[in-house]
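Engineer: To start, I am sharing the structure in question, which I have written as structure tokens.
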Amino acid sequence: MNFVPVFAALAFLAVAAWPAAAQPANPPHHAALRADPQPLSDADKQFLAFAAEDNQAEIQLCLLAEKRAVDPALKAFARLMVNDHVAIESRLAALANDVQAQLPDGVGDEGERTRAELKGLAGDQFDRKFLAAQIEDHSKDIEKFSQAADRGSEGASRFASETLPILRQHLALARAVQTQLKAAE
Numbered sequence: 017m018n019f020v021p022v023f024a025a026l027a028f029l030a031v032a033a034w035p036a037a038a039q040p041a042n043p044p045h046h047a048a049l050r051a052d053p054q055p056l057s058d059a060d061k062q063f064l065a066f067a068a069e070d071n072q073a074e075i076q077l078c079l080l081a082e083k084r085a086v087d088p089a090l091k092a093f094a095r096l097m098v099n100d101h102v103a104i105e106s107r108l109a110a111l112a113n114d115v116q117a118q119l120p121d122g123v124g125d126e127g128e129r130t131r132a133e134l135k136g137l138a139g140d141q142f143d144r145k146f147l148a149a150q151i152e153d154h155s156k157d158i159e160k161f162s163q164a165a166d167r168g169s170e171g172a173s174r175f176a177s178e179t180l181p182i183l184r185q186h187l188a189l190a191r192a193v194q195t196q197l198k199a200a201e
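Okay, so the sequence shown: first residue is 17 according to our numbering, each after it adds one.
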């Protein structure tokens with residue numbers, strides 16, 4: 017199997033998206049939120065709870081993929097995802113602190129279902145199912161984050177807007193790795 021095209025795509029996309037992923041954990045505009053936090057609407061609270069559970073699920077699923085995946089490009093993708101989602105988790109925790117919001121600390125029902133489905137799989141079967149789940153999940157995430165970016169409070173909207181480029185990068189990378197796996201079959 018020739019992994020060079022996938023590694024090249026992963027490297028290109030990671031470098032291209034690095035400025036978006038390298039946002040500081042507490043950008044200067046958060047200072048205004050600390051001084052007088054804007055109250056969160058119920059929709060903002062639901063979005064932040066969704067983001068927390070979904071993000072934690074991404075971390076846990078990608079740690080599982082690092083152990084179970086057989087394709088080296090998929091393992092590299094999973095490592096990138098862990099790194100990015102840990103950074104997102106840090107930004108989300110800072111926002112929750114700024115607006116005095118409580119966030120759930122689990123993976124949520126959807127994350128638990130996906131983890132249960134993947135735990136019983138191995139080899140190529142795991143790789144295919146993991147990528148399909150990542151593509152489906154990131155497609156849904158982009159939709160929810162886009163809505164929050166357009167309609168959320170200042171803090172939730174900013175967090176969603178800053179996270180969207182990373183989610184789009186993950187979706188593009190998942191599709192690229194999936195294409196590579198299909199071509200190798």
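Here a beta-carbon is modelled for each residue, glycine too, at the ideal position from N, C-alpha and C. Please read these numbers as outputs of a predicted model, since none were measured by experiment.
Straight-line CA distance for residue 182 to residue 63?
Structural biologist: Within the sequence shown, residue 182 is the residue found at index 166, counting from 1. Within the sequence shown, residue 63 is the residue found at index 47, counting from 1. One C-alpha to the other measures close to 17 Å.
Engineer: Once DSSP output is grouped into helix, strand and coil, what is the label at residue 112?
Structural biologist: Here residue 112 is taken as the residue at index 96 of the sequence shown, counted from 1. Residue state, collapsed to three classes: helix.
Engineer: Indicate the three-state DSSP secondary structure (helix, strand or coil) for residue 228 in the structure shown.
Structural biologist: With the chain covering only 17 through 201, there is no way to say anything about residue 228.
Engineer: Determine the direct distance from the alpha carbon of residue 116 to that of residue 74, and round the result to whole angstroms.
Structural biologist: As a working note, residue 74 is residue 58 in the sequence shown. As a working note, residue 116 is residue 100 in the sequence shown. Their Cα atoms are separated by approximately 24 Å.
Engineer: Give the single residue among 80, 89 and 60 whose Cα lies nearest to the Cα of residue 14.
Structural biologist: This structure does not reach residue 14, given that the chain is present from 17 up to 201, and the question cannot be answered.
Engineer: Taking the beta carbon of residue 150 as the centre, do at least 16 other beta carbons fall within 10 Å, making it buried, or is it exposed?
Structural biologist: Taking the first residue of the sequence shown as position 1, residue 150 is located at position 134. Classification of residue 150: buried, given that the 10 Å Cβ count is 16 or more.
Engineer: Got a sec? Which residues, its chain only, sit under 7 Å from residue 169 by beta carbon, not counting five neighbours each side?
Structural biologist: Position 153 of the sequence shown, counting from 1, holds the residue named residue 169. Around residue 169: 54, 56, 57 and 60.
Engineer: Using the beta-carbon count (16 or more within 10 Å), is residue 129 buried or exposed?
Structural biologist: For this step, residue 129 is matched to residue 113 along the sequence shown. Its Cβ having fewer than 16 others within 10 Å, residue 129 is exposed.
Engineer: Can at least three beta-carbon pairs, one atom from the stretch 158 to 177 and one from the stretch 123 to 142, be found at a separation below 8 Å?
Structural biologist: In short, these stretches do not touch, since the Cβ pair count stays below three.
Engineer: Run the CB neighbour count on residue 69, radius 10 Å, all protein chains shown included, and call it buried at 16 or more, exposed below.
Structural biologist: As a position in the sequence shown, residue 69 is number 53, starting the count at 1. It counts as buried.
Engineer: Which ranges does the alpha helix (DSSP H) cover as unbroken runs of at least 4 residues, wholly within the stretch 134 to 195, from first to last along the chain?
Structural biologist: Counting only runs of 4 or more, we get 139 to 167.
Engineer: Does DSSP classify residue 56 as helix, strand or coil?
Structural biologist: For the purposes of this step, residue 56 is taken as residue 40 along the sequence shown, with counting starting at 1. Here residue 56 sits in coil by DSSP.
Engineer: Can you check which of these residues, 85, 109, 105 and 148, is closest to residue 118 by C-alpha distance?
Structural biologist: For the purposes of this step, residue 118 is identified with residue 102 of the sequence shown, where counting begins at 1. Of the listed residues, the one whose Cα sits closest to residue 118 is 109.
Engineer: Measure the alpha-carbon distance for residue 83 versus residue 98 and round it to whole angstroms.
Structural biologist: For the purposes of this step, residue 83 is taken as residue 67 along the sequence shown, with counting starting at 1. For the purposes of this step, residue 98 is taken as residue 82 along the sequence shown, with counting starting at 1. Taking the straight line joining both Cα atoms gives about 13 Å.
Engineer: Note down the Cα distance separating residue 165 from residue 157, rounded to an integer number of angstroms.
Structural biologist: Position 149 of the sequence shown, counted from the first residue, corresponds to residue 165. Position 141 of the sequence shown, counted from the first residue, corresponds to residue 157. Roughly 12 Å separates the two Cα atoms.
Engineer: Here's a check: name, in chain order, each residue in its chain whose Cβ is nearer than 7 Å to the Cβ of residue 112, leaving out the five neighbours to either side.
Structural biologist: If you number the sequence shown from 1, residue 112 lands on position 96. So the list reads 64 and 119, once near-sequence residues are dropped.
Engineer: Got a sec: is the Cβ-Cβ distance from residue 127 to anything in chain D below 8 Å?
Structural biologist: Within the model displayed, chain D is absent; a lone protein chain is all it includes.
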